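A short write-up of the structure that comes next.
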Amino acid sequence: MTLTASNPDVVGPRASLETHHEVEQFLFDEGELLDQWRLHEWLELFSTDAHYEVPTTDLPDGDPSKDLFLVHDDRFLLEQRVNSLLTRAAHAEYPHSVTRRLITNVQVREGAERQLHVRANFAVHRFRSGVADTYVGQYRHVIERDVDGGFVYLRRRCVLANDVLRPHGKVSILL
Numbered sequence: 000m001t002l003t004a005s006n007p008d009v010v011g012p013r014a015s016l017e018t019h020h021e022v023e024q025f026l027f028d029e030g031e032l033l034d035q036w037r038l039h040e041w042l043e044l045f046s047t048d049a050h051y052e053v054p055t056t057d058l059p060d061g062d063p064s065k066d067l068f069l070v071h072d073d074r075f076l077l078e079q080r081v082n083s084l085l086t087r088a089a090h091a092e093y094p095h096s097v098t099r100r101l102i103t104n105v106q107v108r109e110g111a112e113r114q115l116h117v118r119a120n121f122a123v124h125r126f127r128s129g130v131a132d133t134y135v136g137q138y139r140h141v142i143e144r145d146v147d148g149g150f151v152y153l154r155r156r157c158v159l160a161n162d163v164l165r166p167h168g169k170v171s172i173l174l
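With numbering that gives the first Met the number 0, letter number 73 in the sequence shown gets 72, and the count goes up by one each step, no holes.
This is how it looks when you write it as structure tokens:
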């Protein structure tokens, strides 16, 4: 039996097992960078024209040119966000929260030229001041191979499954 993906972001034929494994390792390594707050290293995973997106919970397939997003950063704004998160000025994250993320159900499809379309489920657990928050959702990324054989993001989209953001109503960490 062959299953087909119903997600429009997962198109094209499945990537080879080798490529699939490399992409999984890329996602796991990236998660570790985020959990260790090595944000400048994490930022290097983005191409110069990349976008980091978190759509609203009521419009997960929204278009950032027409719809409101919780986050829609180009590379420049993402760099500003990283720099801010690493200073005392980011009161919601100083001192830094402890985060642990789980990444699972990774699917990789071939795209145009060197592009790969990646879908994976995530759970990010955030611990701060005796409170635990959990963000659950699905990654819908577009990546490509860089000149060194690794991967860089063209688009990193984090679609939250949480129907509301309680109790704080915001996302102060990088998903």
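Backbone N, C-alpha and C define an ideal beta-carbon position, used for all residues, glycine too.
Because the structure is a prediction, the values reported are computed rather than measured.
- A contact between stretches requires three or more CB pairs, one per stretch, nearer than 8 Å, and the stretch 47-59 fails this requirement with the stretch 10-20.
- Assigned with DSSP and collapsed to three states, Asp72 falls in strand.
- In the three-state scheme derived from DSSP, where H, G and I count as helix and E and B as strand, Ser64 is classed as coil.
- Val53 carries a strand assignment under DSSP once its states are collapsed to helix, strand and coil.
- In this structure Leu38 touches Val81 by the C-beta definition: roughly 4 Å separates them, less than 8 Å.
- Setting aside the 5 residues that flank it on each side, Ala89 is surrounded in the same chain by Ser83, each with a C-beta closer than 6 Å to its C-beta; the list follows chain order.
- Only residues of its own chain outside the window of five on either side were considered, and among them Val107 have a CB closer than 6 Å to the CB of His19, listed in chain order.
- Here the alpha carbon of Glu143 sits roughly 32 Å from the alpha carbon of Asp132.
- Three or more pairs of CB atoms, one per stretch, sit closer than 8 Å, so the stretch 92-104 contacts the stretch 32-46.
- Excluding sequence positions up to five before and after His140, its CB lies within less than 7 Å of the CB of Val117, Tyr152, Arg154, Arg155 and Arg156, all in the same chain and listed in chain order.
- Every beta strand (DSSP E) of 3 residues or more that sits fully in the stretch 122-168 is shown, in chain order, as 130-144 and 150-159.
- Counting only the Cα atoms, Asp62 lies some 22 Å from Phe121.
- Around the beta carbon of Tyr134, a 10 Å sphere encloses 16 or more other beta carbons of the protein chains shown; the residue is thus reported as buried.
- Under the three-state reduction of DSSP output, Glu112 falls in the coil class, being neither helix nor strand.
- With a threshold of 16 other beta carbon atoms within 10 Å, Leu76 falls short and is exposed.
- Taking the Cα of Asp147 as reference, the smallest distance to any Cα among Glu23, Leu44 and Glu17 is reached at Leu44.
- Taking Ser46 as reference, the option from Glu112, Glu21, His95 and Phe150 with the minimal CA-CA separation is Phe150.
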